[in-house]
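A.B. asks:
Number of protein chains: 2
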Amino acid sequence: CEHSRFSLERAKVQSASKEEGYDDMDWTSDVETYPPWLRFHLGISRWELYNRKDPNLAQLTHYLATQRILGAVQKTGGTQLKLLISFPNHGQALLKPMKQSRDTETDVNLFYFSDFERHNAEISAFHLDRLLGFNRIPPVVGRLMNVTADIREKTTDHKVSRTFFTSPAGNVCFYGQCEYYCSTEHPVCGRPHLLEVSLAAILPDLSLAPRRSWRSPWRRSYSRTKLAQWEKNPNYCDSVKQTPPYSQGTRLVDLIDMAVLDFLMSNMDRHHYETFEKFGNETFLLHLDNGRAFGRHSQDEPSILAPLQQCCRIRRSTLLRLRLLALPDFRLSDVMRESLAQDPLADAAPLLSEAHLSALDRRLAAVLQVVHTCQEKHTDVIHDDLDRYDQDSLTDRNTKQ
Amino acid sequence: CEHSRFSLERAKVQSASKEEGYDDMDWTSDVETYPPWLRFHLGISRWELYNRKDPNLAQLTHYLATQRILGAVQKTGGTQLKLLISFPNHGQALLKPMKQSRDTETDVNLFYFSDFERHNAEISAFHLDRLLGFNRIPPVVGRLMNVTADIREKTTDHKVSRTFFTSPAGNVCFYGQCEYYCSTEHPVCGRPHLLEVSLAAILPDLSLAPRRSWRSPWRRSYSRTKLAQWEKNPNYCDSVKQTPPYSQGTRLVDLIDMAVLDFLMSNMDRHHYETFEKFGNETFLLHLDNGRAFGRHSQDEPSILAPLQQCCRIRRSTLLRLRLLALPDFRLSDVMRESLAQDPLADAAPLLSEAHLSALDRRLAAVLQVVHTCQEKHTDVIHDDLDRYDQDSLTDRNTKQ
Chain A
1 CEHSRFSLER AKVQSASKEE GYDDMDWTSD VETYPPWLRF HLGISRWELY
51 NRKDPNLAQL THYLATQRIL GAVQKTGGTQ LKLLISFPNH GQALLKPMKQ
101 SRDTETDVNL FYFSDFERHN AEISAFHLDR LLGFNRIPPV VGRLMNVTAD
151 IREKTTDHKV SRTFFTSPAG NVCFYGQCEY YCSTEHPVCG RPHLLEVSLA
201 AILPDLSLAP RRSWRSPWRR SYSRTKLAQW EKNPNYCDSV KQTPPYSQGT
251 RLVDLIDMAV LDFLMSNMDR HHYETFEKFG NETFLLHLDN GRAFGRHSQD
301 EPSILAPLQQ CCRIRRSTLL RLRLLALPDF RLSDVMRESL AQDPLADAAP
351 LLSEAHLSAL DRRLAAVLQV VHTCQEKHTD VIHDDLDRYD QDSLTDRNTK
401 Q
Chain B
1 CEHSRFSLER AKVQSASKEE GYDDMDWTSD VETYPPWLRF HLGISRWELY
51 NRKDPNLAQL THYLATQRIL GAVQKTGGTQ LKLLISFPNH GQALLKPMKQ
101 SRDTETDVNL FYFSDFERHN AEISAFHLDR LLGFNRIPPV VGRLMNVTAD
151 IREKTTDHKV SRTFFTSPAG NVCFYGQCEY YCSTEHPVCG RPHLLEVSLA
201 AILPDLSLAP RRSWRSPWRR SYSRTKLAQW EKNPNYCDSV KQTPPYSQGT
251 RLVDLIDMAV LDFLMSNMDR HHYETFEKFG NETFLLHLDN GRAFGRHSQD
301 EPSILAPLQQ CCRIRRSTLL RLRLLALPDF RLSDVMRESL AQDPLADAAP
351 LLSEAHLSAL DRRLAAVLQV VHTCQEKHTD VIHDDLDRYD QDSLTDRNTK
401 Q
C-alpha cells in the first residue's frame with residue numbers, strides 16, 4: 001500500500017506525550033476524540049503529509065483559527081520573527097505576522113535573502129501545494145489576532161515582551177529578537193490591537209519523528225556577487241543525477257515538483273528541504289517555510305525552474321495536474337481564488353491579488369513550455385509514477401473537483 | 001544697518017584658504033570673479049544666510065547643480081547616510097540621496113527618530129524657508145547624478161566604495177556606513193546609474209566661522225515612552241522666557257519662527273539649532289538638517305507648534321508674511337509650487353505632490369488660528385520687529401512677488 005501509515009503507533013505517542021506532561025489527555029478514547037493536531041500527526045504517511053479528502057484537514061484549520069491562545073514564545077532558527085503559539089489540548093502553531101500590506105511588491109533592489117516574509121505567502125503556499133496534489137506543506141490558516149490579549153498578556157518570553165511599545169499612531173507594536181528586521185524601525189503592529197497572522201500546524205516533535213535536512217542541489221549562493229555551480233554549468237544535472245539520493249527512486253522528480261511549486265509562487269529561498277528520517281530515502285519532501293513566496297507578480301524568475309529545465313524530467317502525475325490546471329474550466333487562478341476564499345482572512349481582503357493570481361496562470365504556461373521544449377529533445381522526460389488505476393482515479397478526481 | 005556683513009574679511013578667508021591649500025585661487029581679482037560658494041560665504045550677515053535678491057543665489061544653485069564632481073566621501077555625524085561632494089574651485093556640497101519614492105508617506109508606526117531622510121524634503125525646506133522670508137537654510141538644489149561615474153569612480157572613501165553592488169534588478173547600489181539604514185536591506189540605488197539627490201551648499205569651514213549648537217528647549221524626548229518637560233507642563237514657556245538667551249533679544253521669537261517653519265513642513269526632528277559664534281546671541285538661527293520634513297501630508301502634528309502655542313509670541317514680520325501667504329493671490333501652496341518648479345529635478349516630477357502642497361495651506365491656517373487664540377487671551381503676542389519703513393518695504397516686496 002502506497003499510503004502506509006506514519007508508524008508513530010498510538011502507544012508511542014501516548015507514552016512520549018505523557019513524559020512531556022500531556023497526562024491529562026484521555027488516551028483510552030477513540031481516535032475520533034483526539035484533538036485535530038494529533039489526528040494530523042497520526043495521518044502523516046510516507047508519501048504525503050495529509051490526505052486531501054481527510055475531514056480532519058478542515059477541523060485542523062478551524063482549530064488553529066479559533067482556539068483560545070494560551071501562550072506565545074519566540075521560535076528560534078531562521079532570520080526573521082516568528083512565534084510558537086500554544087492552544088488547549090497541547091496544540092501548537094507557528095505564527096508569522098503581517099509586516100506589510102498584502103500587495104506590496106518586493107523592492108526590485110532587494111535580494112531574495114533580504115526579502116520580508118509574508119503571512120499571506122505562507123497561507124497561499126499551502127493552498128497551492130494542495131491544489132497541485134502534493135500535500136507536502138503543513139496546513140496553514142490565517143487569523144486576526146489581538147496582539148495585546150493574545151501575545152503581550154500571554155507570553156512568558158522576555159525576548160518578546162520587552163519589545164512591546166505603542167507606536168505614534170497609537171497602535172500596539174513589538175519586534176522581538178532576530179537577525180533581520182527585529183527593530184523599532186521594522187515593528188509588527190496591531191490596528192490598534194488587531195493583527196493578521198498566519199498559523200501553521202506544527203509537525204510531530206523531533207524526538208518522536210526526527211527529520212533530516214537536505215541542502216538543495218539548486219540552492220542559491222546567498223551572496224550578492226557569487227554564482228552557484230548550477231548557474232554556471234548547464235550540464236549541472238548530469239552530476240546530480242549520478243549522486244545519491246538523486247540517482248535512485250523519485251528524489252530527483254520530487255525536487256522538480258518542488259521547483260515547479262516554487263517557480264509558480266516565485267520563491268527563490270528554497271535552500272534546504274526536509275524528510276522524515278524513519279521513511280529513509282523513499283518518501284516525500286517537506287515544503288516548509290514559504291514566507292518569501294508571492295513577493296512579485298509583475299515578473300517571473302525562470303532560474304527557479306532550473307532543475308526542470310536542466311534535468312528535463314517530470315512526474316507524469318504532476319504534468320497531468322499542471323495540464324489540467326491550464327484548462328479553462330480548471331484554471332489555476334480560478335481554483336486558487338476559490339480555495340483561498342475559504343480562509344478566515346479572506347473576508348477582509350483577498351489573500352492574493354488578481355495580479356498574483358494571473359501570474360500563476362502565466363507561470364504555469366511557462367512550466368508547460370519548458371516541458372514541451374524538453375520533450376522535443378529527449379524521450380525520457382516523463383517519469384511514469386502512475387499505473388492504469390491511478391490514472392483513472394486521477395482523471396476521476398480532477399473532473400469532480 | 002541691520003544687514004551688517006559677515007565680518008569674515010576677505011584677507012582672512014584668503015589666508016585660511018591658502019593654508020588649506022586653496023593657493024591656486026586668484027585672490028587678487030574682484031569679488032565678482034569668485035566662485036559662487038565663496039560669494040555665498042562672504043554674503044552671510046548677522047541676520048540672514050543670504051539676501052533673497054542676491055543674484056549669486058541662482059548662480060550658487062546652478063553651480064551645485066551642474067559642476068563636475070571631483071570627489072565624494074561619507075560625512076560623519078548624524079545617523080543616516082550623507083556624502084560630502086567636492087567640485088572644482090574648492091566648492092563642496094552635502095549630498096542626501098533619494099531612498100524612497102517621493103510620495104511615500106512615513107509609516108504611521110514609525111517614530112520621528114526612525115523616519116527616513118528625504119532628498120526632496122531638503123530641497124523643499126530651503127524653498128519654504130526662503131518664501132517665509134527667513135533665509136536661514138543654506139541653498140539646496142536637486143540633481144540627477146550618475147552613481148557610478150560621480151560616486152563610485154570618484155570616491156576615495158573605503159567606507160563608501162566597499163558597499164557598492166549590483167542589485168537583482170541590475171541597478172548600481174550602495175549603502176555606506178552609518179547608524180541606521182546602512183545595509184543591503186536599505187540600499188541607495190541608481191536606475192541603473194541615475195540617482196536623484198539633494199545638494200546643499202556647505203557653510204564656511206568651522207575653523208573660519210565657528211558655530212555654536214543649542215539644544216532646543218522644545219526638543220522631543222527621542223524615547224518611545226518618555227515625554228519631554230514641555231509636553232507635561234503647559235506653563236513650560238514661563239521658565240524658558242526667564243532663561244538666557246531666551247530672556248533677551250529676539251531668541252524666543254526666532255525659535256518660534258523655526259517652530260512655524262517646522263510645523264508647516266511637519267518636521268519633528270529639530271533637536272538642536274546652530275548660530276555663528278562670532279555674532280553672539282544677537283543673530284539668526286540656522287535651520288539645518290531638514291531631511292525628515294514633508295514625511296506626511298494627510299495629518300498635521302500640532303505639538304510642533306508648542307513654542308508658539310505655549311509662549312503666545314510671534315514676530316510681526318513673520319505674522320504679516322504668513323497672512324499674506326494665506327491670501328488667495330499669494331497662497332503658500334501656489335508660491336511653493338512655482339518656486340519648486342525652478343529646481344532641476346522638477347522636470348521629472350513635482351518635488352512636492354499636491355497633497356503636500358495643500359497640507360501647507362491647511363497648516364498655515366492652523367498657525368494663524370493659534371495666533372488668533374493667543375490674541376484673545378494676551379495683549380503682548382506681537383513682537384514688533386518692524387519700523388514704519390520696514391513695514392512699507394515688506395508690503396512693497398510682498399505685492400511684487
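Residue numbers (full-length UniProt numbering), protein chains in the order written: chain A, 1 to 401; chain B, 1 to 401.
Ideal placement from N, C-alpha and C gives every residue a C-beta, glycine not left out.
#1: If you pair each beta-carbon of the segment 254-270 of chain B with each one of the segment 311-319 of chain B, do three or more pairs fall below 8 Å?
#2: What does the alpha-carbon distance come out to for the pair C182/A and Y175/A?
#3: To the nearest angstrom, report how far apart H372/B and R46/B are at their CA atoms.
#4: Can you check whether the C-beta of T184/B is within less than 8 Å of a C-beta belonging to chain A?
#5: Within its chain, find whatever has a CB closer than 7 Å to the CB of L261/B; leave out the 5 residues flanking it on each side and keep chain order.
#6: Using the beta-carbon of each residue, which ones in chain A are nearer than 8 Å to N146/B?
#7: Can you pull the chain A residues whose beta carbon is under 8 Å from the beta carbon of V108/B, in chain order?
#8: Would you please verify whether the beta carbon of H383/A is less than 8 Å from any beta carbon of chain B?
#9: Do you know how far the Cα of H41/B is from the Cα of L203/B?
#10: Taking 8 Å as the CB-CB limit, is R270/B close to chain A?
#11: Within 8 Å of any Cβ in chain C, is that where the Cβ of S101/A sits?
#12: Per DSSP, what are the beta-bridge partners of I382/A in this structure?
#13: Return the residues of the segment 370-382 of chain B that lie within a Cβ-Cβ distance of less than 7 Å from chain A, sorted by chain order.
#14: Could you name the residues of chain A that Y180/B contacts, counting a contact when the two beta carbons are closer than 8 Å?
#15: Using the beta-carbon of each residue, which ones in chain B are nearer than 8 Å to S221/A?
#16: Would L352/A pass as a contact of N120/A if the rule is Cβ separation under 8 Å?
#17: With a threshold of 16 other CB atoms inside 10 Å of the CB of H62/A, please say whether the residue is buried or exposed.
#18: Three-state secondary structure (DSSP) at L47/B?
#19: Since L305/B and V367/B are thought to touch, with beta carbons under 8 Å apart, how far apart are those beta carbons, to the nearest angstrom?
#20: By DSSP's criteria, R143/A is part of a beta bridge. Which residues make up the other side?
#21: Taking C-alpha atoms, which residue in P138/A, D115/A and R118/A lies nearest to F126/A?
#22: What does the Cβ neighbour count give for N235/A, buried or exposed, with the cut at 16 atoms within 10 Å?
#23: First and last residue of the beta strand (DSSP E) that includes I85/B?
#24: Let me know the secondary structure DSSP gives S161/A once reduced to three states.
#25: Under 8 Å by Cβ, that's how I've got D115/B and G295/B pegged, so tell me the actual separation to the nearest angstrom.
#26: Cα separation between N290/B and D343/B?
#27: If you check the beta carbons only, do T155/B and A93/B fall under 8 Å apart?
#28: Please tell me whether, using a cut-off of 7 Å, the distance from the CB of A259/A to the nearest non-hydrogen atom of the ligand NAP is below it.
#29: Quick one: residues in its chain with C-beta nearer than 8 Å to the C-beta of Q59/B, no 5 flanking neighbours on either side, listed in chain order?
#30: Buried or exposed: G43/B, going by 16 or more other Cβ atoms within 10 Å of its Cβ?
#31: Would you decide whether F298/B is buried or exposed? Buried here means 16 or more other CB atoms lie within 10 Å of its CB.
#32: Buried or exposed for L332/A, going by 16 or more other Cβ atoms inside 10 Å?
#33: Ends of the alpha helix (DSSP H) at W230/A?
#34: Under a Cβ-count criterion, where at least 16 other Cβ atoms within 10 Å of its own Cβ denotes burial, should R321/B be classed as buried or exposed?
#35: Which two residues bound the contiguous beta strand (DSSP E) that contains P97/B?
#36: For the segment 155-167 of chain A and the segment 107-114 of chain A, state whether three or more C-beta atom pairs, one from each stretch, are separated by less than 8 Å.
C.D. replies: Here's the rundown:
#1: yes
#2: Mapped onto the first sequence, residue 182/A falls at position 182. Mapped onto the first sequence, residue 175/A falls at position 175. Each residue's Cα considered, the two are about 5 Å apart.
#3: Numbered from its first residue, the second sequence carries residue 372/B at position 372. Numbered from its first residue, the second sequence carries residue 46/B at position 46. For H372/B and R46/B, the distance between alpha carbons rounds to 31 Å.
#4: Locating residue 184/B in the second sequence gives position 184, counting from the first residue. Chain A contact via Cβ: present.
#5: Looking up residue 261/B in the second sequence gives position 261. The answer, listed in chain order, is L128, D129, L132, F134 and H287.
#6: Taking the second sequence and counting its residues from 1, the one referred to as residue 146/B is at position 146. Those within 8 Å of N146/B in chain A number zero; the least Cβ separation is about 17 Å.
#7: What you label residue 108/B is simply residue 108 of the second sequence in a count that begins at 1. Within 8 Å Cβ-Cβ: S167, P168, A169 and N171.
#8: As a position in the first sequence, residue 383/A is number 383, starting the count at 1. H383/A does not count as touching chain B.
#9: Here residue 203/B refers to the residue found at position 203 of the second sequence. Here residue 41/B refers to the residue found at position 41 of the second sequence. Spanning the two alpha carbons is a distance of roughly 7 Å.
#10: If you number the second sequence from 1, residue 270/B lands on position 270. By this cut-off, R270/B is not an interface position.
#11: Looking at the structure shown, chain C is missing, and the protein chains on hand are A and B.
#12: The residue given as residue 382/A occupies position 382 in the first sequence. DSSP output for I382/A lists I314/A as bridge partner(s).
#13: none
#14: Within the second sequence, numbered from 1, the residue matching residue 180/B stands at position 180. Those within 8 Å of Y180/B in chain A are E185.
#15: For the purposes of this step, residue 221/A is taken as the residue at position 221 of the first sequence. Per Cβ cutoff of 8 Å: no residues; S221/A is ~12 Å from chain B at best.
#16: Taking the first sequence and counting its residues from 1, the one referred to as residue 352/A is at position 352. Taking the first sequence and counting its residues from 1, the one referred to as residue 120/A is at position 120. Yes.
#17: Along the first sequence, one-based indexing puts residue 62/A at 62. By the 10 Å Cβ count, H62/A comes out exposed.
#18: Locating residue 47/B in the second sequence gives position 47, counting from the first residue. With the sequence shown as reference, residue 47/B is identified as Trp, and Leu is not the correct amino acid for it. Residue state, collapsed to three classes: coil.
#19: Here residue 305/B corresponds to residue number 305 of the second sequence, with the count starting at 1. Here residue 367/B corresponds to residue number 367 of the second sequence, with the count starting at 1. Yes, they are in contact, since the Cβ atoms of L305/B and V367/B sit about 7 Å apart, within 8 Å.
#20: The residue given as residue 143/A occupies position 143 in the first sequence. DSSP lists V197/A as partners of R143/A.
#21: Indexing the first sequence from 1 puts residue 126/A at position 126. Answer by Cα proximity: P138/A.
#22: Mapped onto the first sequence, residue 235/A falls at position 235. Under this definition N235/A is an exposed residue.
#23: By 1-based counting over the second sequence, the position of residue 85/B is 85. Its beta strand (DSSP E) spans residues L83 to S86.
#24: Position 161 of the first sequence, counting from 1, holds the residue named residue 161/A. Note: S161/A maps to helix in three-state DSSP.
#25: For this step, residue 115/B is matched to residue 115 along the second sequence. For this step, residue 295/B is matched to residue 295 along the second sequence. That belief holds up - the Cβ atoms of D115/B and G295/B are roughly 5 Å apart, short of 8 Å.
#26: On the second sequence, position 290 is the one that residue 290/B refers to. On the second sequence, position 343 is the one that residue 343/B refers to. If I take the Cα positions, the gap works out to 17 Å.
#27: Mapped onto the second sequence, residue 155/B falls at position 155. Mapped onto the second sequence, residue 93/B falls at position 93. No, they are not a contact pair.
#28: Within the structure as shown, the ligand NAP is missing, as the structure has no ligands at all.
#29: As a working note, residue 59/B is residue 59 in the second sequence. P36 and R39, listed in sequence order.
#30: Along the second sequence, one-based indexing puts residue 43/B at 43. With 16 or more other Cβ atoms within 10 Å, it is buried.
#31: In the second sequence, residue 298/B corresponds to position 298, counting from 1. Here residue 298/B is Ser; the residue named in the question, Phe, does not match the sequence. So S298/B ends up on the exposed side.
#32: Numbered from its first residue, the first sequence carries residue 332/A at position 332. Its Cβ being crowded by 16 or more others within 10 Å, L332/A is buried.
#33: Start at 1 with the first residue of the first sequence, and residue 230/A comes out as number 230. Residues Q229 to K232.
#34: Translated into the one-based positions of the second sequence, residue 321/B becomes position 321. Buried, since its Cβ has 16 or more Cβ neighbours within 10 Å.
#35: Residue numbering aside, residue 97/B sits at position 97 when the second sequence is read from its first letter. Its beta strand (DSSP E) spans residues Q92 to P97.
#36: no
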